[in-house]
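**Student:**
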Amino acid sequence: MAILNLIQAAGKSSIEWPKTSALLLVIGALRISLSTFRLASVLLQTFVLPGNDLKKFGAHQGAWAVITGASDGIGKEFSLQLAKAGFNVFLVARNKTTLESVASEIQVIKSMVSVNVNGTLRATYIVLPGMTQRKRGLILNIGSFAGAVPTPLGATYAGTKAFMATFSTALAEEVKQHNIVVEHVNTYFVVSKLSQVQSASTMIPTSAAYVQSVLAKVGLPCGAAQSGRPNTSTPYWTHALIDYMMSVVGTPSLFIRQAHKINLQRRKERLEQQSKAK
Numbered sequence: 010m011a012i013l014n015l016i017q018a019a020g021k022s023s024i025e026w027p028k029t030s031a032l033l034l035v036i037g038a039l040r041i042s043l044s045t046f047r048l049a050s051v052l053l054q055t056f057v058l059p060g061n062d063l064k065k066f067g068a069h070q071g072a073w074a075v076i077t078g079a080s081d082g083i084g085k086e087f088s089l090q091l092a093k094a095g096f097n098v099f100l101v102a103r104n105k106t107t108l109e110s111v112a113s114e115i116q117v118i119k120s121m122v123s124v125n126v127n128g129t130l131r132a133t134y135i136v137l138p139g140m141t142q143r144k145r146g147l148i149l150n151i152g153s154f155a156g157a158v159p160t161p162l163g164a165t166y167a168g169t170k171a172f173m174a175t176f177s178t179a180l181a182e183e184v185k186q187h188n189i190v191v192e193h194v195n196t197y198f199v200v201s202k203l204s205q206v207q208s209a210s211t212m213i214p215t216s217a218a219y220v221q222s223v224l225a226k227v228g229l230p231c232g233a234a235q236s237g238r239p240n241t242s243t244p245y246w247t248h249a250l251i252d253y254m255m256s257v258v259g260t261p262s263l264f265i266r267q268a269h270k271i272n273l274q275r276r277k278e279r280l281e282q283q284s285k286a287k
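Note that the sequence shown ends on residue 287 in my numbering; no numbers are left out.
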């Protein structure tokens, strides 16, 4: 009976205030339409639309691709697939054992900043003058979800990846007049030595599958389409859906807590492995 009275009252209100009711209906319809458009945009870019043709950046035309971190994982796959796509490849790699031999925590932090920040800056400013002169170029900076969501127990790494996102966005605006594309590639876990994940899953692709998705979607934001992060792309389909949902939900504290839980569990597993190895 109470529910019936409530429905009758609502109907009476809409009759008494027709303009207000109509306005609310229009606002509601616009909100639904906007949300539908945003979701359609993400799905279309992620699953249907092709990215820029790599010929635009000199594939099969004698152009060179400079790949840092090329000894393993994503870097290695970029080397293989860009060579297959018709680029000459110049490989740059850092000896991992050098990093592992660093004794103190502060040295590890310095090394992390050196690789992710200083290394990116140096490599960029080596290749950029030639790109500017040729009026053509593509720079793909591999970022991380850790750069979008502050990551407890990985604060230094997250900070370097946040730098990568900001640097890429600023640089993209600077050099677009020279027909140079700079893209920050937002990445979740991928099978590699760095991630210490050894088997692929729906959420965690192989390096080969991941790089294939990146090169197929150059120029498309995909999962980052509605995130308000210019020049960022989240191309791999499960990563794209996660990124989109994070943008829709919009509660950073929730994701920070979840990241903390994940890293606590990973830390526990590593300590157990180290204990067994002794």
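Quick reminder that beta carbons are idealized off the backbone N, C-alpha and C, glycines included.
For my contact list, Val184 and Thr141 are in at a C-beta cut-off of 8 Å; report their separation, rounded to the angstrom.
**Tutor:** In the sequence shown, the residue the question calls residue 184 occupies position 175. In the sequence shown, the residue the question calls residue 141 occupies position 132. Right, their Cβ atoms sit about 7 Å apart.
**Student:** Would you check if there are 3 or more beta carbon pairs closer than 8 Å linking the segment 31-49 to the segment 57-69?
**Tutor:** no
**Student:** Would DSSP call Leu108 helix, strand or coil?
**Tutor:** Working through the sequence shown from its first residue, we reach residue 108 at position 99. Low per-residue confidence applies at Leu108: pLDDT is 35, beneath 50, and the placement is therefore not dependable, though the value from the model is reported in the following sentence. Here Leu108 sits in helix by DSSP.
**Student:** Assign Asn240 to buried or exposed, taking buried as 16 or more other Cβ atoms, counted over all protein chains shown, within 10 Å of its Cβ.
**Tutor:** Position 231 of the sequence shown, counting from 1, holds the residue named residue 240. Looking at its Cβ environment, which holds 16 or more other Cβ atoms inside 10 Å, Asn240 is buried.
**Student:** What do you get for Ile135, buried or exposed, if any count of 16 or more other CB atoms within 10 angstroms of its CB means buried?
**Tutor:** As a working note, residue 135 is residue 126 in the sequence shown. Exposed is the call here.
**Student:** Tell whether a beta-carbon distance below 8 Å holds between Val191 and Leu203.
**Tutor:** In the sequence shown, the residue the question calls residue 191 occupies position 182. In the sequence shown, the residue the question calls residue 203 occupies position 194. No.
**Student:** Let me know the beta strand (DSSP E) ranges lying completely inside the segment 16-78, each 3 residues or longer, listed in chain order.
**Tutor:** 73-77
**Student:** Among Gly163, Thr29, Thr247 and Arg40, which has the Cα closest to the Cα of Val117?
**Tutor:** Counting from one through the sequence shown, the residue named residue 117 turns up at place 108. Measuring C-alpha to C-alpha distances from Val117 to each of Gly163, Thr29, Thr247 and Arg40 identifies Gly163 as the nearest.
**Student:** Which stretch, first to last residue, makes up the alpha helix (DSSP H) that contains Gly156?
**Tutor:** Counted from its first residue, the sequence shown places residue 156 at position 147. Element bounds for Gly156: Phe154 to Ala157.
**Student:** Could you give the first and the last residue of the continuous beta strand (DSSP E) run that contains Leu149?
**Tutor:** Here residue 149 corresponds to residue number 140 of the sequence shown, with the count starting at 1. Start and end: Gly146 to Ile151.
**Student:** Let me know the secondary structure DSSP gives Tyr123 once reduced to three states.
**Tutor:** The sequence position of residue 123 within the sequence shown is 114, counting from 1. Note that residue 123 is Ser in the sequence shown here, rather than Tyr. Ser123: helix per DSSP, three-state reduction.
**Student:** Could you tell me which uninterrupted alpha helix (DSSP H) segments, each at least 4 residues in length, are contained entirely in the segment 162-232, listed from first to last along the chain?
**Tutor:** 164-184 and 216-225
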